[in-house]
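This report refers to the structure that appears directly beneath it.
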Amino acid sequence: MDIGDRVTITNYGHIDNKNVRSRDKGTIVDIVEFKGMYSICVEVDRHIKGHNGNGRGKDGHCVWVSPKTLALEVKKDNKKKRYE
100 MDIGDRVTIT
110 NYGHIDNKNV
120 RSRDKGTIVD
130 IVEFKGMYSI
140 CVEVDRHIKG
150 HNGNGRGKDG
160 HCVWVSPKTL
170 ALEVKKDNKK
180 KRYE
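Numbering-wise, the numbering used here comes out as the position in the sequence shown, counting from 1, plus 99.
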């Protein structure tokens, strides 16, 4: 996964923000690695009462998540495919 990739949240049980729903879609705006663990900041398409991703996303739309909670969306030949 890279910054700018479109993703779908697949497991919202591991996210602190209770306004995030399974199947919410968004864009990765930041990735942080610390001691081999990754945290990904996603700008969700709808307002979730979140934050702005340290200025990288829209205010109220961002949330930090584990990569395990995301499915990468890839468009190929005008068909949308999902990869986990």
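Positions of the beta carbon are idealized from the N, C-alpha and C atoms, including for glycine.
All figures in this text were calculated on a predicted structure; none of them were measured in a lab.
Cα separation between residue i and residue j?
i, j, result
"Arg120", "Gly159", "15 Å"
"Val131", "Pro166", "11 Å"
"Arg145", "Val173", "20 Å"
"Asn118", "Val143", "11 Å"
"Lys134", "Ile102", "20 Å"
Would you give the residue range spanned by the beta strand (DSSP E) that residue i belongs to?
i, result
"Ser138", "136-143"
"Thr244", "Summary: the structure shown does not reach residue 244, with the chain confined to residues 100 through 183, and so no result is reported for it."
"Val119", "Looking at the DSSP string, Val119 is not in any beta strand (DSSP E), and its letter there is neither H nor E."
"Ile108", "105-108"
Our contact map puts residue i next to residue j with C-beta atoms below 8 Å; I'd like the distance itself, whole angstroms only.
i, j, result
"Thr109", "Ala170", "5 Å"
"Ile147", "Val164", "Not quite, the Cβ-Cβ distance comes to about 11 Å (not below 8 Å), so this is no contact."
Would you mind working out which of the options sits nearest residue i, comparing C-alpha positions?
i, options, result
"Asn153", "His113, Met136, Val128", "Val128"
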